[in-house]
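Novice: Chains as they are written, first to last, in full-length UniProt numbering: chain Y, 1 to 109; chain G, 1 to 414. All residues carry an ideal CB built from backbone N, CA and C; glycine is no exception. Just so it is clear, the structure is predicted and the values come from calculations on it, not from any experiment.
(1) Could you tell me whether the Cβ atoms of residue 238 of chain G and residue 339 of chain G are closer together than 7 Å?
(2) Hey, would you say residue 81 of chain G sits closer than 7 Å to residue 178 of chain G, going by beta carbons?
(3) Verify whether the separation of the beta carbon atoms of residue 66 of chain G and residue 41 of chain G is less than 7 Å.
(4) If you follow the beta strand (DSSP E) that residue 219 of chain G is part of, which residue opens it and which one closes it?
(5) Please list, in chain order, all residues of the same chain as residue 79 of chain Y whose beta carbon is under 6 Å from its beta carbon, the five residues on each side excluded.
(6) If we count the other Cβ atoms within 10 Å of its Cβ and call it buried at 16 or more, is residue 365 of chain G buried or exposed?
(7) Label residue 17 of chain G either buried or exposed according to how many other C-beta atoms from any shown protein chain fall within 10 Å of its C-beta, with 16 as the threshold for buried.
(8) Using a Cβ distance threshold of 8 Å, determine whether the region 382 to 399 of chain G contacts the region 313 to 330 of chain G, with at least three qualifying pairs required.
(9) Quick one: is residue 64 of chain G buried, meaning 16 or more other Cβ sit within 10 Å of its Cβ, or exposed?
(10) For a test of the three-state rule: what should DSSP assign to residue 110 of chain G, helix, strand or coil?
(11) Contact check, residue 181 of chain G vs residue 96 of chain G under 8 Å by CB: the rounded distance?
(12) Candidates G:149, G:111, G:94: which alpha carbon is nearest residue 142 of chain G's?
(13) To the nearest angstrom, how far is it from the Cα of residue 359 of chain G to the Cα of residue 37 of chain G?
(14) In whole angstroms, what separates the C-alpha of residue 38 of chain Y from that of residue 401 of chain G?
(15) For residue 414 of chain G and chain Y, any beta-carbon pair shorter than 7 Å?
(16) Taking all protein chains shown into account, do 16 or more other C-beta atoms lie within 10 angstroms of the C-beta of residue 1 of chain G, making it buried, or fewer, making it exposed?
(17) Is it true that the region 13 to 29 of chain G meets the region 187 to 199 of chain G, where meeting means three or more beta-carbon pairs spaced less than 8 Å apart?
(18) Can you check which of these residues, G:407, G:335, G:354, is closest to residue 71 of chain G by C-alpha distance?
(19) Roughly how many angstroms separate the alpha carbons of residue 350 of chain G and residue 394 of chain G, rounded to a whole number?
(20) Which residues in chain Y sit within 9 Å of residue 310 of chain G, going by Cβ to Cβ distance?
(21) On the three-state DSSP scale, how would you describe residue 413 of chain G?
(22) At which residues does the beta strand (DSSP E) containing residue 371 of chain G begin and terminate?
(23) Within the continuous beta strand (DSSP E) that includes residue 121 of chain G, where are the two ends?
(24) Within a Cβ cutoff of 6 Å, which residues of the same chain sit near residue 243 of chain G, ignoring the five residues on either side of it in sequence?
(25) From the DSSP output, in three-state form, read off residue 52 of chain Y for me.
(26) Can you give the Cα-Cα distance for residue 108 of chain Y and residue 26 of chain Y, rounded to whole angstroms?
(27) Tell me the rounded alpha-carbon separation between residue 20 of chain Y and residue 274 of chain G.
(28) Counting only beta-carbon atoms, is residue 87 of chain Y nearer than 7 Å to chain G?
(29) Are the region 56 to 65 of chain Y and the region 260 to 270 of chain G touching by the rule of at least three beta carbon pairs closer than 8 Å?
(30) Could you spell out the range, first to last residue, of the beta strand (DSSP E) harbouring residue 393 of chain G?
(31) Give the list of continuous alpha helix (DSSP H) stretches no shorter than 4 residues that lie fully inside the region 65 to 106 of chain Y.
(32) Return the first residue and the last residue of the alpha helix (DSSP H) that residue 51 of chain G is part of.
(33) In three-state terms, what does DSSP make of residue 66 of chain G?
(34) Count Cβ pairs between the region 193 to 213 of chain G and the region 243 to 252 of chain G that sit closer than 8 Å; are there 3 or more?
(35) Excluding the 5 residues preceding and the 5 following residue 413 of chain G in the sequence, name in chain order all residues of the same chain whose CB lies nearer than 6 Å to its CB.
(36) Whole-angstrom Cβ separation of residue 51 of chain Y and residue 71 of chain Y, contact assumed at under 8 Å?
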């Protein structure tokens with residue numbers, strides 16, 4: 001069972017208190033974008049075997065959305081951070097790089 | 001291959017069962033094959049089998065990173081049905097169900113297909129309307145189903161409580177020729193038949209890279225060395241995203257954990273399969289007497305083949321209202337599998353951006369029932385480049401908005 005800490009209210013709870021909201025940092029392209037870009041945004045997913053950045057909502061708590069970094073192979077939660085960002089904070093990326101050899105943050109297409 | 005028969009059993013009984021051969025060869029990888037199938041689960045083995053049987057392509061290797069049938073083929077609740085709403089789904093699932101009818105004879109391997117009947121319970125008015133619609137659609141598609149009354153449900157399933165305060169049974173979608181089969185035997189039977197045709201089933205051989213040249217697939221690197229091929233079929237369910245990442249493209253798929261559990265064995269009490277989709281619980285009784293129970297998926301990406309404890313609790317809690325006797329049962333064991341879920345809950349059988357590479361995935365929470373039909377269609381797609389059964393299941397349908405929407409049709413609270 002996952003243990004997550006909500007960065008909005010600071011409460012640490014187990015996963016039944018939260019609701020998963022899918023992959024984070026999806027880029028929605030504006031007017032003039034292509035059909036491919038819209039397909040990417042709507043359907044294509046990284047679905048990595050390893051480090052995954054995802055959205056969560058503290059449904060049975062403060063109700064706010066936030067982001068989490070988690071391993072899909074060990075279920076380890078590397079950390080949570082605010083939703084109001086386009087990419088994970090640097091200190092979290094460094095933490096993950098140390099724990100997962102060979103992992104680097106890359107821009108989602 | 002020695003044929004299995006009543007006579008063979010009698011003969012072996014006379015000589016202390018010393019004459020049985022291995023069911024399939026323990027093959028070593030060759031440097032080159034016409035076709036490589038990645039994934040020796042039901043779907044992969046069925047694809048190989050029909051490549052050989054229907055198209056005469058037998059220079060085939062089936063690579064498996066673990067052991068044969070050790071993925072979702074060995075982790076499902078063995079339910080077989082074809083009562084889908086959309087025409088392309090009905091076509092491939094009914095093809096599949098009909099192939100199950102004669103599979104034991106075709107493979108000379110007892111897969112214990114048991115068309116014991118299957119009921120999908122309607123427990124809300126929304127479901128009643130949904131299933132009546134499906135019954136009408138099935139009538140047009142030539143799939144034999146009917147919408148039955150709560151009294152008929154009670155007659156077929158005496159242990160059911162149809163007056164539940166929260167979710168009373170308001171009717172059911174009944175498919176009399178739906179049922180179950182022995183899941184491991186399906187994989188073993190196909191593996192034996194493939195091996196007999198000269199194909200190599202190679203276990204503990206994980207693909208680590210897909211090699212391409214000028215946009216065309218040339219082979220794979222594996223933990224047992226590089227292997228070349230002309231055509232590559234990816235049939236790896238939950239790991240499809242990982243495999244396609246190696247080939248350099250993404251899929252509209254997310255991998256999540258789906259769990260099932262069985263109770264202690266009890267005397268026969270229910271001889272149909274019952275699915276309660278509103279509360280997300282499926283139950284049937286195995287030949288050993290265990291109540292086989294399937295639940296819902298976790299909400300987050302997962303490759304660990306284990307799920308969250310609270311999902312088991314939710315599933316069993318929901319079933320207790322409809323099947324009060326379940327509350328007295330001890331649960332024996334629980335397991336999880338990684339299912340590959342698409343946006344419209346329909347599979348992908350498709351060519352890919354890499355020439356010569358094909359993908360068969362996205363069966364999500366309902367792959368077992370589709371094994372023979374999926375293999376049949378995938379083999380045709382790989383051999384001829386096109387199949388009427390797979391036309392609608394292209395990976396590009398999402399771009400075009402041509403969904404085969406079974407998530408709404410199932411009425412399941414996804």
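Specialist: The short version:
(1) Cβ atoms of residue 238 of chain G and residue 339 of chain G: closer than 7 Å.
(2) If you check the CB distance, residue 81 of chain G and residue 178 of chain G come in under 7 Å.
(3) For residue 66 of chain G and residue 41 of chain G, no; Cβs fall outside 7 Å.
(4) Counted as a single uninterrupted DSSP element, the beta strand (DSSP E) harbouring residue 219 of chain G occupies residues 216 to 222.
(5) Answer for residue 79 of chain Y: 69, 92, listed in chain order.
(6) Here residue 365 of chain G is buried, its C-beta having at least 16 other C-beta atoms within 10 Å.
(7) Label assigned to residue 17 of chain G: exposed.
(8) Note that the region 382 to 399 of chain G does not touch the region 313 to 330 of chain G; fewer than 3 beta-carbon pairs, one per stretch, sit closer than 8 Å.
(9) Under this definition residue 64 of chain G is a buried residue.
(10) Here residue 110 of chain G sits in coil by DSSP.
(11) Approximately 11 Å separates the beta-carbon atoms of residue 181 of chain G and residue 96 of chain G; this is outside 8 Å, ruling out the contact.
(12) Checked all of G:149, G:111, G:94; the closest Cα to residue 142 of chain G is G:94.
(13) Rounded to the nearest angstrom, the two C-alpha atoms are 10 Å apart.
(14) Between residue 38 of chain Y and residue 401 of chain G, the C-alpha separation is close to 11 Å.
(15) Below a pLDDT of 50, predicted positions are generally treated as unreliable, and residue 414 of chain G, at 44, falls in that range; no measurement from the model is reported.
(16) By the neighbour-count rule (16 or more Cβ atoms within 10 Å), residue 1 of chain G is not buried but exposed.
(17) They touch, by the three-pair rule.
(18) Considering only alpha carbons, the answer is G:335.
(19) So the two alpha carbons sit approximately 5 Å from each other.
(20) What residue 310 of chain G touches in chain Y: 1, 14, 15, 16.
(21) Note on residue 413 of chain G: pLDDT 48, under 50, position unreliable in the model; no value is reported.
(22) Taken as a continuous stretch (DSSP letters only), residue 371 of chain G belongs to no beta strand (DSSP E), being part of the alpha helix (DSSP H) at 371 to 384.
(23) Here the beta strand (DSSP E) through residue 121 of chain G covers 118 to 122.
(24) Excluding sequence neighbours, residue 243 of chain G sits near 234, 236.
(25) In the structure shown, residue 52 of chain Y sits in a strand (DSSP, three-state: E or B).
(26) Legend: pLDDT at residue 108 of chain Y = 45, less than 50; position of this residue unreliable, no value from coordinates given.
(27) Using only the alpha carbons, I get a separation of about 29 Å.
(28) Taking 7 Å as the threshold, the shortest C-beta distance from residue 87 of chain Y to chain G does not fall below it.
(29) Counting Cβ pairs under 8 Å, fewer than three are found: no touch.
(30) Counting along the chain, residue 393 of chain G falls outside any beta strand (DSSP E), and DSSP gives it neither H nor E.
(31) Residue ranges of uninterrupted alpha helix (DSSP H) with 4 or more members, entirely inside the region 65 to 106 of chain Y and ordered along the chain, are 90 to 99.
(32) Segment 42 to 55, the alpha helix (DSSP H) holding residue 51 of chain G.
(33) Of the three classes helix, strand and coil, the one that applies to residue 66 of chain G here is coil, per DSSP.
(34) With a cut-off of 8 Å on Cβ pairs, the region 193 to 213 of chain G is in contact with the region 243 to 252 of chain G, counting three or more such pairs.
(35) Only weak support is given to the placement of residue 413 of chain G: the predicted model assigns it a pLDDT of 48, under 50, and the question is left unresolved by the model.
(36) At roughly 6 Å, the Cβ-Cβ gap stays under 8 Å, so residue 51 of chain Y and residue 71 of chain Y are in contact.
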